[in-house]
Structure formats: structure tokens, C-alpha cells
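S.K.: To start, I am sharing the structure in question, which I have written as C-alpha cells.
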């Protein structure tokens, strides 16, 4: 009997093909982007951050390279 990891058996994990991984990663990146945008909108509505600081936070979160860590955290929680 083959040893199959439960996440792979469910189909939640990325496939072994590079295009499968790329589409999986892109889908997770979109989830993280939506969460960040939602949180930034909450900050914009409230008075919790001064305008200039809010702009700095929004700018730093818009830069590339800020998505892999949240994706890894989500996946480790899922597993």
C-alpha cells in the first residue's frame, strides 16, 4: 500500500508539477492579499494610526516578497 500524506490525498497540497505549484501558490497569495487589503481598510476607517504612519504601512505591505511567510503559516496551521 503506498504511503500517501493526508493533505496530498485530499488534494489540498500543491501537485508535483511546477505549473500546479505555481497556481496553488498564486491562489494562496491572493488570499493573503485580500486579508491584507481588508486589514488596511479597517485601519483606514479607524483612527488607530495617524495618516502618515498608515501610508507607510500600506506602502511597505505593497512591496513584493511579503506573502511567503503568511502562506507558510497558513499551511502549517492547515496541516
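Residue numbers (this note's numbering): 3 to 81. C-beta atoms are modelled at their ideal positions from N, C-alpha and C, and glycine is treated no differently.
1. I believe residue 69 touches residue 31 by the beta-carbon criterion, under 8 Å. Please report the beta-carbon distance rounded to the nearest angstrom.
2. Distance, Cα to Cα, residue 37 vs residue 43?
3. Under three-state DSSP, which class holds residue 22?
4. What did DSSP end up calling residue 65 once you bin it into helix, strand or coil?
5. Where does the unbroken alpha helix (DSSP H) through residue 78 begin, and where does it stop?
M.R.: This is what the structure holds:
1. Right, the Cβ-Cβ distance comes to about 5 Å (below 8 Å), so this counts as a contact.
2. Approximately 10 Å between the Cα atoms of the pair.
3. In the three-state reduction of the DSSP assignment, residue 22 falls in the helix class, which pools H, G and I.
4. Of the three classes helix, strand and coil, the one that applies to residue 65 here is coil, per DSSP.
5. Its alpha helix (DSSP H) spans residues 70-80.
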